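The next block holds one structure in the form of structure tokens; read it before the comments.
Protein chains in written order, with our numbering: chain A, -17 to 243; chain B, -17 to 243; chain C, -17 to 243.
Now the structure itself:
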């Protein structure tokens, strides 16, 4: 298989940063390399947002793909540069927790040694170009993690906020609002299933009560509903319009799920 | 030739949907697959807009390219998933008319059979990832349409609004405003040509009269003009500035073309 | 190595222009072609902005890469279409200065001959699709520049504004504001170094005095600083926030660099 390197950044594409990153990968990577844009539109400096994005996106890619993630507010500080191997996935980027939602205890984390991972002089502001891309190019060419860095046990982990158990259900939160105005929560399908039959579940958010459905088509256009979304989590939606606007809710808003009387 | 799959969606790239789609294609497609972004910035749920985009974009690609189009307000309803073969082009997406501007009577339309097109469990909200991408990966790997679905004669067609014939010309409409503020109409070059010499044609829109020219450079910067654009249709433009702003016109605005006295 | 063609435009991706360009490249280019998006989000018609982007981006790519640049306010006028060869890089686009920041006296510039570079009928508004992409496809397939055009000595050069020497330092300007609000100046690291030790340098902009540092981490989050950025030029920044907003400064704002006391 032709080697794959994916890119996930908060660079945008109006500046030249993303283009420079690709130039380095094609210059230093194997001759049949395929570079794949995942996103360059992540919110600047938002490591938690990026971590959730990475968790969902990386899970769909084939093993051996190298994923470069550069959301790096700490560039130029003492934060470590990392290569991570977890479930036959390879990830390169800063040690700020951006990979940690993929950690399952089996991860092997390496502190990148700039002298072994790149021949470039490190600028103080752009390790994506000067360190992460060269390291990814070497990995895509077949270099083992051990050639680029040293195994470490000291690395950051995010603590994602989990829903709280209540007497008759769960108190969760909106963690993401997507382009369509769907509100994605931190309540999982299995937490919902534990409450019993779908018809018996009541969902409340921002003063409104929503019924749990299987498909958008079960309600009229414009109407609110909730369902288990494509990430296996409870989502609040409005058919063909924005639930975020209809509910005036957003990231951090509370969602209560209860078993009906 | 290395197989090509193109992507056209209204997903944006701030959410992980586009990235997940690509992951599935690279996981399930042939080892030398090339995935090509056409757009992820189509207006959400706007099937007509997407249909015009697809018509123009697809026409430039080589035969055998597989085009995945996911503008799918009806996901989770009874709308069919389709594979279409027309003019040696292959298209995968929902049955909502998004392919229909390419139809010329020779099209062969297949209702996708999820059980044959994908090994994934279908989520209720993301058939792009769970059905269309797996089907496209199979087609890119050489599977025939007949392996993925069943020939059907029941499928949606959009009825694009055509210009109306008037005594001395045509009454058309703006169908698209591009990034530069050019106003693209539904009046074709051949309809214009039927009115005779370019100098004899008069174009009116939003209370202004515009001359038909061959090139932007025939007018001064900032000045209005109209010409036959790159899609073979009449366009209203202002040199190096926005005709949409200068005319306060947009999609749906009327454009009258007449033969001068 | 599989041939590479990069794309840099002001087209956006909501219209079909970028997609059409790619279709032509894949239709007319070699069977293992890789097309790489650098940017489609450059400000419309801003040739200087594009020239700076191209200068930075192209420098990171391997030799033999073909770079298509379409920021072309003069399309349809008498401006020449060009192929440029400089430092083993190949560039295709309009003659408006967009390549000129790469010129070092060794460049070879060819006026493209549409009849030899493309088999397409030239539209009046979209030479990217009808001329530049076909020419790039031929170059990527191994055609020499001489097969597509004629060597010329008449071509545009931008005159980038340079900082002015003052008695005790330099008076420069902000040339770019990036996505994070960093203010990039036209003062180079070597001009700074000539003033002596970093601690002895004083930077003023918009009424504020900033200290020259090596890394963001030397100041507290939210605080202003300046440093030599990844392009080798003086940048004014605020750690993890926007210096442009904090200073109310932008492109064209003056920056004075002096040697302290």
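Positions of the beta carbon are idealized from the N, C-alpha and C atoms, including for glycine. Remember, it's a predicted structure, so these values are computed and weren't measured experimentally.
Asked                                                                                                                                                                                 : Found
Provide the residue span of the alpha helix (DSSP H) that contains residue 29 of chain B, from first to last.                                                                         : 29 to 40
Where residue 100 of chain A and residue 51 of chain C are concerned, what is the direct C-alpha to C-alpha distance, given to the nearest angstrom?                                  : 30 Å
How long is the line joining the alpha carbons of residue 249 of chain C and residue -8 of chain A, rounded to whole angstroms?                                                       : Any question about residue 249 of chain C goes unanswered here, given that chain C covers just -17 to 243.
For residue 49 of chain B, I'd like the list of residues in its chain whose CB is within less than 6 Å of its CB, leaving aside the five on either flank, ordered along the chain.    : -12, 40 and 73
Please confirm whether residue 1 of chain C has its beta-carbon closer than 7 Å to some beta-carbon of chain B.                                                                       : yes
Shortest alpha-carbon distance to residue 231 of chain C belongs to which of C/193, C/104 and C/166?                                                                                  : C/166
With residue 240 of chain B and residue 179 of chain B assumed to form a contact (beta carbons below 8 Å), what rounded beta-carbon distance in angstroms separates them?             : Actually they do not touch by this definition, with Cβ atoms about 13 Å apart.
Could you please tell me which residues of the stretch 18 to 30 of chain A, in chain order, have their CB closer than 9 Å to any CB of chain C?                                       : 19, 26 and 27
According to the neighbour-count rule (16 or more other Cβ atoms, all chains shown, within 10 Å of its Cβ), is residue 163 of chain C buried or exposed?                              : buried
According to the Cβ coordinates, are residue 22 of chain A and residue 0 of chain A closer than 7 Å?                                                                                  : yes
What does residue 105 of chain C reach in chain B if we use C-beta pairs closer than 9 Å?                                                                                             : 210, 211, 212, 213 and 214
Are any of the Cβ atoms in chain B nearer than 7 Å to that of residue 59 of chain C?                                                                                                  : yes
Is the stretch 110 to 127 of chain B touching the stretch 197 to 204 of chain B, taking contact as three or more C-beta pairs under 8 Å?                                              : no
Consider the Cβ of residue 193 of chain C: report whether some Cβ of chain A lies at a distance smaller than 7 Å.                                                                     : no
For residue 78 of chain A, which of A/105, A/137, A/31 and A/108 has the nearest alpha-carbon?                                                                                        : A/137
Suppose contacts are defined by Cβ-Cβ distances below 7 Å. Is residue 93 of chain C in contact with residue 131 of chain C by that definition?                                        : yes
According to the neighbour-count rule (16 or more other Cβ atoms, all chains shown, within 10 Å of its Cβ), is residue 36 of chain B buried or exposed?                               : buried
I'd like to know if residue 111 of chain C contacts chain A, where contact means its C-beta is closer than 7 Å to some C-beta of that chain.                                          : no
Could you spell out the range, first to last residue, of the beta strand (DSSP E) harbouring residue 76 of chain B?                                                                   : 71 to 76
The alpha helix (DSSP H) spanning residue -5 of chain A covers which residue range?                                                                                                   : No alpha helix (DSSP H) contains residue -5 of chain A, which DSSP labels as neither H nor E.
Taking CB distances under 7 Å as the criterion, tell me whether residue 6 of chain A reaches chain C.                                                                                 : yes
Would you check if the distance between the CB atom of residue 186 of chain B and the CB atom of residue 242 of chain B is smaller than 7 Å?                                          : no
Taking only three categories from DSSP, how would you classify residue 63 of chain C?                                                                                                 : strand
Nearest chain A C-beta to residue 114 of chain B closer than 7 Å, yes or no?                                                                                                          : no
Whole-angstrom Cβ separation of residue 65 of chain C and residue 85 of chain C, contact assumed at under 8 Å?                                                                        : So it is not a contact: roughly 14 Å between Cβ atoms.
Could you spell out the range, first to last residue, of the alpha helix (DSSP H) harbouring residue 200 of chain C?                                                                  : That residue, residue 200 of chain C, is in no alpha helix (DSSP H); it is neither H nor E in DSSP.
Please classify residue 227 of chain C: does DSSP put it in a helix, a strand, or coil?                                                                                               : helix
For residue 29 of chain B, collect the residues of the same chain with a Cβ closer than 8 Å to its Cβ; drop the 5 residues on either side in sequence, then sort them by chain order. : 53, 55, 78, 79, 80 and 140
Mind checking residue 196 of chain A: buried by the 16 CB within 10 Å criterion, or exposed?                                                                                          : exposed
With distances taken Cα to Cα, identify the nearest neighbour of residue 192 of chain B among B/219, B/42 and B/143.                                                                  : B/219
Any beta carbon of chain B sitting closer than 7 Å to that of residue -5 of chain C?                                                                                                  : yes
By the three-class DSSP mapping on this structure, what secondary structure does residue 21 of chain B have?                                                                          : strand
Nearest to residue 70 of chain C by alpha carbon, out of C/46, C/181, C/108 and C/103?                                                                                                : C/46
Thinking C-alpha only, which one of A/113, A/160 and A/176 is nearest residue 76 of chain A?                                                                                          : A/113
Taking the C-alpha atoms as reference points, what is the distance between residue 11 of chain C and residue 43 of chain C?                                                           : 19 Å
Under 7 Å between C-beta atoms, does residue 14 of chain C make it to chain B?                                                                                                        : yes
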